[in-house]
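What follows is a single structure, written as structure tokens, with notes after it.
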Amino acid sequence: MRVARRELYAGRAFLAVLVAITILPFLSIFTTALYPSGTVPVGLSWPADPQWGNFLEAFQVANMRALLASSVFIVLAVVPLSLVISTMAGFAIGLLRIPGARFLLLLFIFGLTLPFEGIITPLYFLARQMGILNTRLAIVLPLIGLFMPFAVFWMRAHFANMPSEISEAARVDGASTWDLFWRIHVPLARAPIASLGILMAVWAWNQFLLALVLVEDPTQRTMAGALGAFQGHYATDIPLLSAGTVLILLPTLILFIVFQRHVIAALLQGSVKG
Amino acid sequence: MTQAADEAEPARALHRPRAAAADRRHGRRTSFLGVRRQTLVGWLFVMPALGFYAVFVLQPMLLTVQYSLYRWDGVGPATWVGLSNYVTVLSEPKLVETLFNAFRLVLFFSLAPVALGLVTASVIYRVAAGRLGEVSRTVLFLPQVIPLVAAGIIWGRLLSLSGLINQALTAIGLGDITRAWLGDFDTALPAVGLIGIWVLLGFCTVLLLTGMSKIDSALYESARLDGAGWFQEFRAITVPSLRYEIGVCVTVTIIAALAAFDIVYVATGGGPGNATAVPGIQIYILAFLERQVGLASALAVVLVILVLLVILPIQRLSRGDDQ
Numbered sequence: 002m003r004v005a006r007r008e009l010y011a012g013r014a015f016l017a018v019l020v021a022i023t024i025l026p027f028l029s030i031f032t033t034a035l036y037p038s039g040t041v042p043v044g045l046s047w048p049a050d051p052q053w054g055n056f057l058e059a060f061q062v063a064n065m066r067a068l069l070a071s072s073v074f075i076v077l078a079v080v081p082l083s084l085v086i087s088t089m090a091g092f093a094i095g096l097l098r099i100p101g102a103r104f105l106l107l108l109f110i111f112g113l114t115l116p117f118e119g120i121i122t123p124l125y126f127l128a129r130q131m132g133i134l135n136t137r138l139a140i141v142l143p144l145i146g147l148f149m150p151f152a153v154f155w156m157r158a159h160f161a162n163m164p165s166e167i168s169e170a171a172r173v174d175g176a177s178t179w180d181l182f183w184r185i186h187v188p189l190a191r192a193p194i195a196s197l198g199i200l201m202a203v204w205a206w207n208q209f210l211l212a213l214v215l216v217e218d219p220t221q222r223t224m225a226g227a228l229g230a231f232q233g234h235y236a237t238d239i240p241l242l243s244a245g246t247v248l249i250l251l252p253t254l255i256l257f258i259v260f261q262r263h264v265i266a267a268l269l270q271g272s273v274k275g
Numbered sequence: 116m117t118q119a120a121d122e123a124e125p126a127r128a129l130h131r132p133r134a135a136a137a138d139r140r141h142g143r144r145t146s147f148l149g150v151r152r153q154t155l156v157g158w159l160f161v162m163p164a165l166g167f168y169a170v171f172v173l174q175p176m177l178l179t180v181q182y183s184l185y186r187w188d189g190v191g192p193a194t195w196v197g198l199s200n201y202v203t204v205l206s207e208p209k210l211v212e213t214l215f216n217a218f219r220l221v222l223f224f225s226l227a228p229v230a231l232g233l234v235t236a237s238v239i240y241r242v243a244a245g246r247l248g249e250v251s252r253t254v255l256f257l258p259q260v261i262p263l264v265a266a267g268i269i270w271g272r273l274l275s276l277s278g279l280i281n282q283a284l285t286a287i288g289l290g291d292i293t294r295a296w297l298g299d300f301d302t303a304l305p306a307v308g309l310i311g312i313w314v315l316l317g318f319c320t321v322l323l324l325t326g327m328s329k330i331d332s333a334l335y336e337s338a339r340l341d342g343a344g345w346f347q348e349f350r351a352i353t354v355p356s357l358r359y360e361i362g363v364c365v366t367v368t369i370i371a372a373l374a375a376f377d378i379v380y381v382a383t384g385g386g387p388g389n390a391t392a393v394p395g396i397q398i399y400i401l402a403f404l405e406r407q408v409g410l411a412s413a414l415a416v417v418l419v420i421l422v423l424l425v426i427l428p429i430q431r432l433s434r435g436d437d438q
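These protein sequence lines map, in sequence, to chains F and A. Sequential numbering from 2 applies to the first sequence in the numbering used here. Sequential numbering from 116 applies to the second sequence in the numbering used here.
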């Protein structure tokens, strides 16, 4: 496309400003983290004597090792199981087209727009009744349920578009429904399953409301939930809070930069299908 | 969907004799209480997902409706109060204001990112095809992957008295208007809105950009031949072609606004006073701090209905005649 020189420069200047506005907040929190603990640093400025030790201190007082372990546990408990059961359901609704498939699809679609706040109060009493309040299970089990509308919808969309010849051929060869699912269709669905896995991992890692309400101990929470608790404790010590925030952001940022293509693609497809 | 199923029938009929033989071998025609085995197996595939969904989403949703009809402190006995909690939600000034705040946030979380996203995407599309476009895409997307809590903390700093915003304002000679932006009754809500723009702009931009790359460039060529300028092109070609993507952006961002919680909780906690209280925050405060479970549930039901009422027409508009 031919573009006038003036437009070229104006456009690039506009982009540069936007990119700067996006990055400056990160830089500001980083430089703030380097000031002596307990001081109130000014916006964006480099400290005379950078306190790299703040990161070490934040690592210890926030109990980062336990936080990381807890978040990883929650992601590993939620994502694989959610992938398996939503793929099975999407397969039955989209490909087997069992009687009642349409009703089931509508039932799951209802949950797509449901704000978590709509059910958080009963979830609290439910978790208390089940005796899982203040354990990671109180986050894991509801989160699997809350992921189902989107996950089933996503996998159904894939299976509904598979040509029926594949299944017919397998049936003729005498494949059982399970064989058809596990040996033929799951391997073909690897790409949408991977995207869905990335999405659910990011969402679980960043989940805040469930952690805040259902689990008191930060070391049993998700990363986002732990950060909320950390802010509650160290709101007055700005450099330490900033150091903790940087540490909690770091794994997400590194993973995003490494897998950025996949993450962006997954998040976009996710919203388009949803 | 039904149409696709019908089209599949001839293929199935073609193979029927052999398929039937296979069915007999595996006893697939046998029935259990009159239900075909295949149906039974299919439902077994759905059961685990449906089970989790029913127990942890549908059941609580029904419970929310039930709670909303009672006065209950979460511990003692509950008293039936009919619809009076709903009357309170829709009449008590403090609660009505939370609903209004939610819609005010829509301006920032939805309208601004979508409009600005359209401009940004078309700029990237036109002047930054290569490496520059890729880098700005990635950077603009960053705020979308970090926890919203972190965005709230970072911006809480930037918007504070000693934060970067005030530093910049002072530097350009606007020292007079510096303030604690999140603590001021007049500026708290727009300040929270600003955080929303920062988080959601990249998402909208990248999504719209993906849509733009699918537009046939011949359309632009012929518009150019007819002497159309940048804005005419934008209005006559770009926006109509992106109807679906714009619909998705609007849907996602409106849900983010109406159901906002993380950012507000961390940045202001709903304050000062009631200035940034949105339904999510109010539900949390009512249910878990003030122990008014019934009232919190009524507000939750209203929020769920509100989201549906706003989203359904948008979905219809943006998908409209495609289906």
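Ideal Cβ placement from N, Cα and C applies to all residues, glycine included.
Take F/Phe260 and list the residues in its own chain whose beta-carbon comes closer than 6 Å to its own, dropping the five residues that flank it on each side.
Cβ neighbours of F/Phe260 beyond the five flanking positions: none.
Please say whether A/Gly271 and A/Val381 have beta carbons closer to each other than 9 Å?
Pairing A/Val381 with A/Gly271 gives a Cβ-Cβ distance under 9 Å.
So who's on the other strand from A/Thr154, going by DSSP bridges?
A/Thr154 is not bridged to any residue.
So, using beta-carbon positions, are A/Ala306 and F/Arg13 closer together than 9 Å?
Against a cut-off of 9 Å, the Cβ pair of F/Arg13 and A/Ala306 comes out as no contact.
Measure the alpha-carbon distance for A/Gly326 versus F/Ile22 and round it to whole angstroms.
Take the alpha-carbon of A/Gly326 and the one of F/Ile22: they are about 24 Å apart.
Go ahead and pull the three-state DSSP assignment for A/Trp195.
Here A/Trp195 sits in strand by DSSP.
How long is the line joining the alpha carbons of A/Thr179 and A/Thr368, rounded to whole angstroms?
Cα-Cα distance, rounded: 25 Å.
Step through the CB atoms of chain A and report whether any lies within less than 9 Å of the CB of F/Asn135.
Contacts with chain A at 9 Å (Cβ-Cβ) do not include F/Asn135.
Measuring only between beta-carbons, confirm whether F/Arg184 sits less than 9 Å from chain A.
Chain A, which has no Cβ nearer than 9 Å to the Cβ of F/Arg184, makes this no.
Interface partners of F/Leu112 on chain A, CB under 7 Å:
For the record, residue 112 of chain F in the displayed sequence is Gly; it is not Leu. Neighbours of F/Gly112 on chain A, chain order: Tyr168 and Val172.
With 9 Å as the threshold, decide whether the Cβ of F/Leu65 is near any Cβ in chain A.
The sequence as given places Met at residue 65 of chain F; Leu does not occur at that position. No, F/Met65 lies away from the interface with chain A (no Cβ there is under 9 Å from its Cβ).
For F/Ile30 and A/Glu212, I'd like the C-alpha separation in whole angstroms.
Straight across, the Cα-Cα distance linking F/Ile30 with A/Glu212 is about 33 Å.
For A/Arg186, which of helix, strand or coil comes out of DSSP?
Three-state result, A/Arg186: strand.
Give a yes or no on whether 9 Å exceeds the smallest Cβ distance from A/Thr194 to chain F.
For A/Thr194, the answer is no, since every Cβ of chain F falls outside 9 Å of its Cβ.
Pick from F/Arg7, F/Leu106, F/Leu69 and F/Phe15 that is closest to F/Gly226, judged by C-alpha positions
Selected option, being the one with the closest Cα: F/Leu69.
Going along the chain, which residues of the stretch 77-96 of chain F sit with their C-beta nearer than 7 Å to a C-beta in chain A?
For the stretch 77-96 of chain F, which is checked against every Cβ of chain A, the residues closer than 7 Å are Ile86, Ser87, Met89, Ala90, Phe92, Ala93 and Ile94.
For F/Ile121 and A/Ile420, the rounded distance between their alpha carbons:
In a straight line, the C-alpha of A/Ile420 is about 16 Å away from that of F/Ile121.
Spell out a yes or no on whether the stretch 315-330 of chain A and the stretch 222-230 of chain A are touching, meaning 3 or more CB-CB pairs, one atom from each, closer than 8 Å.
Output reads yes: the stretch 222-230 of chain A touches the stretch 315-330 of chain A.
Please decide whether F/Pro293 counts as near chain A, where near means a Cβ-Cβ distance under 9 Å.
Residue 293 of chain F is absent from the structure shown; chain F starts at 2 and stops at 275.
Counting only Cβ pairs nearer than 8 Å, list the residues of chain A close to F/Trp261.
In the sequence as presented, Trp is not what sits at residue 261 of chain F; that position holds Gln. One finds Thr253 and Phe256 in chain A with Cβ atoms closer than 8 Å to the Cβ of F/Gln261, taken in chain order.
With 9 Å as the threshold, decide whether the Cβ of A/Leu418 is near any Cβ in chain F.
Closer than 9 Å: yes.
Among the residues of its own chain, which have a CB less than 8 Å from the CB of A/Ile370, if the five just before and after it don't count?
Excluding sequence neighbours, A/Ile370 sits near Val422 and Ile426.
Please return the same chain residues whose Cβ sits closer than 6 Å to the Cβ of A/Arg252, not counting the five positions on each side in sequence.
Exclusion of the five residues before and after A/Arg252 leaves Val321 as the residues of its chain whose Cβ lies within less than 6 Å of its Cβ.
Check whether A/Leu220 and A/Val393 have beta carbons under 9 Å apart
Less than 9 Å divides the Cβ of A/Leu220 from the Cβ of A/Val393.
Chain F residues whose Cβ lies nearer than 7 Å to that of A/Ser412:
Thr122, listed in chain order.
List, in order along the chain, the chain A residues whose C-beta lies closer than 9 Å to that of F/Arg13?
Within 9 Å of the CB of F/Arg13, the CB atoms of chain A belong to Val238, Val242, Ala243 and Leu247, in sequence order along the chain.
On the DSSP letters alone, give me the boundaries of the alpha helix (DSSP H) that A/Thr366 sits inside.
DSSP places A/Thr366 in the uninterrupted alpha helix (DSSP H) bounded by Arg358 to Leu373.
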